Amino acid sequence: MNETITLRNNPKLDIRLQKDMFEIVDQITPTNNGSYAYGSLKSVQLNKGWLLSLLSYIPFFWTVPFEPGFRNRTNLNIKLAEKTLKIWLVGSDMDKAASVRQELNQKKICP
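Residue numbers are given in this note's numbering: position 109 of the sequence shown equals residue 1428, and the series is strictly consecutive.
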């Protein structure tokens, strides 16, 4: 099984799911790039920025422009045995990000 999930086109963010490992191509944070075995995978979390989550419940605020200092802190946090990857999801497809989280959590090998 080889599947490539494109979360963002520019800058590029792809996650390629393969039989025994997954590969990350992240142009925002190149240190995340690489191939990782499912056996080293501990957990995957999708973290939404608190302001974005709060404002999604208040439709009025969507008509008001955000302050220039606002930063989108939405990220995919992938904990591996040897390190933790934080993949910033600015401009990414959040439905696909949720799908990646689910796929990776299903493939993690419990000790």
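Here a beta-carbon is modelled for each residue, glycine too, at the ideal position from N, C-alpha and C. In this text, all values refer to a predicted model and were calculated from it rather than measured experimentally.
Check	Outcome
Report the CB separation of Leu1399 from Tyr1355 in whole angstroms; it is logged as a contact under 8 Å.	6 Å
Following the continuous beta strand (DSSP E) through Asn1366, name the residue where it begins and the one where it ends.	1360-1366
Of all the options Glu1342, Asn1352, Leu1360, Gly1353, which has the alpha carbon lying nearest to the alpha carbon of Lys1426?	Leu1360
Using CA atoms only, rank isn't needed, just tell me which of Thr1403, Ile1397, Leu1365 is closest to Ala1416.	Leu1365
Taking Arg1420 as part of the alpha helix (DSSP H), name the residues at either end of that continuous run.	1413-1426
When burial is assigned at 16 or more other CB atoms within 10 Å of the CB, is Asp1345 buried or exposed?	buried
I need the straight-line Cα distance from Leu1428 to Gln1421, nearest angstrom please.	Note that residue 1428 is Ile in the sequence shown here, rather than Leu. Each residue's Cα considered, the two are about 14 Å apart.
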